[in-house]
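Student:
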Amino acid sequence: MSMQRPSLSFFPYSQSAEVIKVGSPDRYGKATVSDPVSYPCTIFMNADSEPFMDYMGQQVVYTATLMFPLLVKVKVDDRIRFTDDLGKVQEKDVLAVQFKRDFSKQVIAVKVIV
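Residue numbers for the sequence shown follow my numbering, so the first one is 142 and each next one is one higher.
#1: Could you check where the beta strand (DSSP E) with Lys246 kicks off and where it finishes?
#2: Would you call Phe244 buried or exposed, if buried means 16 or more other Cβ atoms sit within 10 Å of its Cβ?
#3: Return the CA-CA distance between Arg168 and Pro153, expressed in angstroms with no decimal places.
#4: With a threshold of 16 other CB atoms inside 10 Å of the CB of Thr206, please say whether the residue is buried or exposed.
#5: Count Cβ pairs between the segment 230-246 and the segment 193-207 that sit closer than 8 Å; are there 3 or more?
#6: Ordered along the chain, which non-local residues of its own chain (more than five positions away) have a Cβ less than 7 Å from that of Lys246?
#7: Is it buried or exposed for Pro166, if we count other Cβ within 10 angstroms and need 16 for buried?
#8: Identify every run of the beta strand (DSSP E) within the segment 174-220, keeping only runs that are complete inside it and at least 3 residues long; order them along the chain.
#9: Tell me which same chain residues have a C-beta within less than 7 Å of the C-beta of Phe185, skipping the five on either side of it?
#10: Measuring straight from C-alpha to C-alpha, what distance separates Val248 and Val255?
#11: Assuming Pro166 is part of the beta strand (DSSP E), what are its boundary residues?
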């Protein structure tokens, strides 16, 4: 799949977020993490404290929804670092990942809920 930005963009991608890949534990039992990679995105904060059903079926209150215009390889075990509306840097676990596709089944955005 191509890492090109789609020709039609629904949101302005003026913010950025860092994806931190979490790997298998090392010999001391601590999870290995990769260097953060920054991607352009749009961040929608959850100001209403709406609940969300995570992948394990538990009801959690999510912090934000991030829309990436690229095919970002992110999974539920990873972490996302971003700056919220008040200028505070937050690092959160990924709760869900959804791929948004156009009519030709090409990925046009990646929606990440943290």
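Note that CB positions come from ideal geometry on N, CA and C, so glycine has one too.
Computed from a predicted model, the values in this text were never measured in an experiment.
Tutor: Looking at the atomic coordinates:
#1: The count along the sequence shown starts at 1 and reaches residue 246 at position 105. First-last for Lys246: undefined, no H or E at that position.
#2: The residue you call residue 244 lines up with position 103 of the sequence shown. By the neighbour-count rule (16 or more Cβ atoms within 10 Å), Phe244 is not buried but exposed.
#3: Here residue 168 refers to the residue found at position 27 when the sequence shown is read from its first residue. Here residue 153 refers to the residue found at position 12 when the sequence shown is read from its first residue. Spanning the two alpha carbons is a distance of roughly 43 Å.
#4: Numbered from 1 along the sequence shown, position 65 holds the residue referred to as residue 206. Thr206 comes out buried.
#5: yes
#6: Counted from its first residue, the sequence shown places residue 246 at position 105. Non-local C-beta neighbours of Lys246 in its own chain, meaning closer than 7 Å and more than five positions away in sequence, are absent.
#7: As a position in the sequence shown, residue 166 is number 25, starting the count at 1. Counting Cβ neighbours within 10 Å, Pro166 comes out exposed, since fewer than 16 surround it.
#8: 178-186, 192-194, 200-202 and 205-209
#9: The residue labelled residue 185 in the question sits at position 44 within the sequence shown. The answer, listed in chain order, is Ala205 and Thr206.
#10: In the sequence shown, counting from the first residue as 1, residue 248 sits at position 107. In the sequence shown, counting from the first residue as 1, residue 255 sits at position 114. Rounded to the nearest angstrom, the two C-alpha atoms are 20 Å apart.
#11: On the sequence shown, residue 166 is found 25 positions in, with the first residue counted as 1. First-last of the beta strand (DSSP E) with Pro166: Val163 to Pro166.
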